[in-house]
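Residue numbers (full-length UniProt numbering): 1 to 679. Note that the Cβ used here is the ideal one computed from N, Cα and C, for glycine as well.
Structural data, given as C-alpha cells:
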C-alpha cells in the first residue's frame, strides 16, 4: 500500500491515463466480441478468430500498460529496450491465446477457469517483462515493484473473467467478462508505474540506446490500431459474407432450383399483393393450376432427365408467352400456378385459362423423341370463388383434380360443392379402413374360359364392398381411393387369403386369379406373404395367378421385378392386367417376366364398332405369341366378340357371355369328409 501511495503522489497526465483505460476496456470488449464468433463458427475459420481475438486483447493490454507508464510525470528521463518490450507483447499474446483456447473447450471440466489462470500468469509475466524493459535514469532496477499478491489477485480476476466465456452470447455475461478482464489487467500493474523513491532530474548517458516513452507509446498504439483494424475488417467481411449468403439462401428458398421460377413459399408472400392490387383496381384475377397428366410415366419411360426437361420447357414456354404482369410459379412437383391479376371479366379468365392450356400442351422435343404433354387445368376466379389466396389455390387444385379424374387434358373451373365431393372421398377412405375389420368386404368370382371350346380354366376373384350405411359401393369408386390412400395393402391381403381359402376347397382344381396393385408388388414382404397364405390355406402354388394391375404407374421397378421372380420361383404365375389401358404397357411388358397378358375390357367391348380396338387386340395377341405367353381378353359379352377373338388367335377369354359373377357358395366345393367316406 505504501508503494501505491507513492505512485499516486506523483503527478499524472490524466488525458493519457484516460486513454490507457479506454484502450484497455475497448480492447477487452472487442476481443470478447471476436471470441464469441469462435463458438458460433464450426468451420476451420474459428481458429483464425481465436488468434485475432487474442491478438487484439493482448495488444490492447500491452499498449494500455505502456500508456499508463507514460502518464506518470517523472523528473528523470526514461525509455524502453525495444526487443524486451516486444517480448512482453509476445508473452501476453501467448498467454491470452492459450487461455482463450482452453476457455472455449466444452469437454474439459473447469476449462474456462483454468484458461483464466493461464491468462493471469501471462499478464504477470508481461508486466514483469515490460518493467524490465523500462529504464529510468538514476534507478538501476524497477522490477522489484512486483509482489506476490498482484499475481494472485490478477489470476483470480482472470479466472472469473474466463468463466463467462461459455455464455458470451448473453449481454450480461459479455459485460461481466469484459469488466473482470479489464480489472485483471489493471490490478496487476498499477503498483509498478513508477519507482518508490523520489528522483532528481537525471538523463541517460549518450551511449545508452533506448526508445523514448513517447515513441514507445506511439508504436504501441499503432500496433494495437493495426491489429484492431485488420480484425475489424475481417469481422465486417465475415458479416457481409454471411449476410450475402443469408440473402442468397433466402432467395433460393423462395425459388425453384430446377425451373428458376418462384416456388409456393414465395407465392404466399407475393401473390397476396397481386390480389390486393386487383381489388383496388376492380379487376378479375384468374388463378390457374396446371397439373401434368401421366408425368410419372414420362419419368418411367424416358428417365428423370427427360422429366426435368419437360418441366423446364414448360416453365420457359409460360415465361416467354405470358405478359410480365402474370405471376408464374412451380407450385409443387408437376404442378404450376399461374395468376393473372389484370382481367376485366369472367369470360377473360376462361380465355386466359385456355391460353395457358394451349401453352401447356405444346410438345417437347427430346433428342429423337417428340413428347406429347397432357395437363389438367383447374381455374378459380377472384373475387367470385374467394378473396383469400389460400382458398383460391385450394379451389383451383380441387378443380384440377376433378379434371384429372374425368380423363384429364381439359379445363375445369371451380364449381360450388367440390369441397363436399372431396370431403366425401376423405370420409369414404376413413370408412374403407374399417371395412376389412367389420366384414363389409366380400368376394365374387368370374369365369375364365378357353376361347375355342369354352372349357372352364379358372376364376378371377373380385372384391365387393357393401357399406353399412351407404349400401353397395362400386369398385371403380373405392379402388382408386384405396390406391391413393394406401388402404389397398390391407384390402389386397384380405382378398388374397380369402380367395385362396375358397379355391382350396373347389371340386374342380382350376386356376385362381387375384389382382394386386404395384404398391403391393413394391413391398419387400409380398412374396413372403403369398407363400404364407398358400401354406395356411393349402392351395398349391401352381393354381395361383397374381395379376399386376397396370392401370397405375409402377415406381420401384427393381423391387417389382424381384417380387415377380420370387413368385415364379414358388410356382405362382404372374399376369399383366389391364393391358393397353395403363401408362406404359409396352415398356412394362418388356421390363417384367409375365406369364400372361390380360387385355382390358374396354377394347373387347368396342371391337365391333371401333377399328382401333380391333387393331390393338390383334397387336396384343401377336405380342403374346412373340413373348410365348397366352393372352386373355376381358369383357366378352357377345358371340361376335368371341368369334373375332377366335379368329385373332386369342387363347383365353373372360366375360358375362359365360355367366355372371358367382358367389363362393355357387361354386361346387370339395368336402374332405365325404371323400374319406367314399374311399
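With contacts defined as CB atoms closer than 8 Å, residue 375 and residue 321 fail to qualify as a contacting pair.
Rounded to whole angstroms, the gap between the alpha carbons of residue 101 and residue 306 is 53 Å. When the beta-carbon positions are compared, residue 291 and residue 380 stay at least 8 Å from each other.
The Cβ-Cβ distance between residue 122 and residue 92 falls below 8 Å. CA-to-CA, the gap between residue 231 and residue 33 works out to about 11 Å.
Distance from residue 340 to residue 326 at the Cβ level is roughly 5 Å; contact confirmed, criterion being Cβ atoms closer than 8 Å. Going by C-alpha positions, residue 404 is about 9 Å away from residue 378. Secondary structure of residue 414 (DSSP, three-state): coil. A distance below 8 Å separates the beta carbons of residue 180 and residue 157.
Here residue 338 has 288, 328, 356 as same chain residues with Cβ atoms under 6 Å from its own Cβ, once five neighbours each way along the sequence are excluded.
Excluding residues up to 5 positions away in sequence, 467 lie with their Cβ nearer than 7 Å to the Cβ of residue 431 in the same chain. Within the DSSP secondary-structure output, residue 329 pairs in a beta bridge with 337. Our two residues, residue 668 and residue 611, have alpha carbons roughly 40 Å apart in a direct line. Within the model, the alpha-carbon separation for residue 183 versus residue 177 is close to 10 Å. Taking a C-beta distance under 8 Å as the contact criterion, residue 133 and residue 94 do not qualify as a contact pair. Check the Cα spacing between residue 439 and each of 361, 26, 463: the tightest is with 463. Here residue 108 is actually not in contact with residue 155; their C-beta atoms are around 18 Å apart, not less than 8 Å. Of the candidates 519, 567, 279, the residue whose Cα lies closest to the Cα of residue 533 is 567.
When rounded, the separation of the alpha-carbon atoms in residue 580 and residue 549 is 11 Å. The distance from the Cβ of residue 473 to that of residue 482 is about 11 Å, inconsistent with a contact at the 8 Å cut-off. The residue from 437, 242, 644 with its alpha-carbon nearest to that of residue 609 is 644. In the three-state DSSP reduction, residue 598 falls in the strand class (E or B). Every unbroken stretch of the beta strand (DSSP E) spanning 3 or more residues and falling wholly within the stretch 464-498 is given here in chain order: 471-473. The three-state secondary structure of residue 522, taken from DSSP, is coil. Secondary-structure assignment with DSSP links residue 577 through a beta bridge to 549. Under DSSP, residue 515 forms a beta bridge with 547. A direct Cα-to-Cα measurement between residue 318 and residue 382 gives close to 21 Å. The C-beta of residue 308 has fewer than 16 other C-beta atoms within 10 Å across all chains shown, which makes the residue exposed. In summary, residue 535 is exposed, with fewer than 16 beta-carbon neighbours lying within 10 Å of its beta-carbon over all protein chains present. By the neighbour-count criterion, in which 16 or more other beta carbons inside 10 Å mark a residue as buried, residue 507 falls on the exposed side. Checking the DSSP bridge columns, you'll see residue 284 partnered with 343.
A straight-line Cα-Cα distance of about 21 Å links residue 648 and residue 447. In terms of Cα proximity to residue 394, the closest of 437, 332, 370 is 332.
Across the set 627, 633, 629, 628, the C-alpha of 633 shows the shortest separation from the C-alpha of residue 616.
With 16 or more other CB atoms across the displayed protein chains lying within 10 angstroms of its CB, residue 71 is buried. Annotation for residue 323: no residue places its beta carbon closer than 7 Å to its own, counting only its chain and skipping 5 residues before and after.
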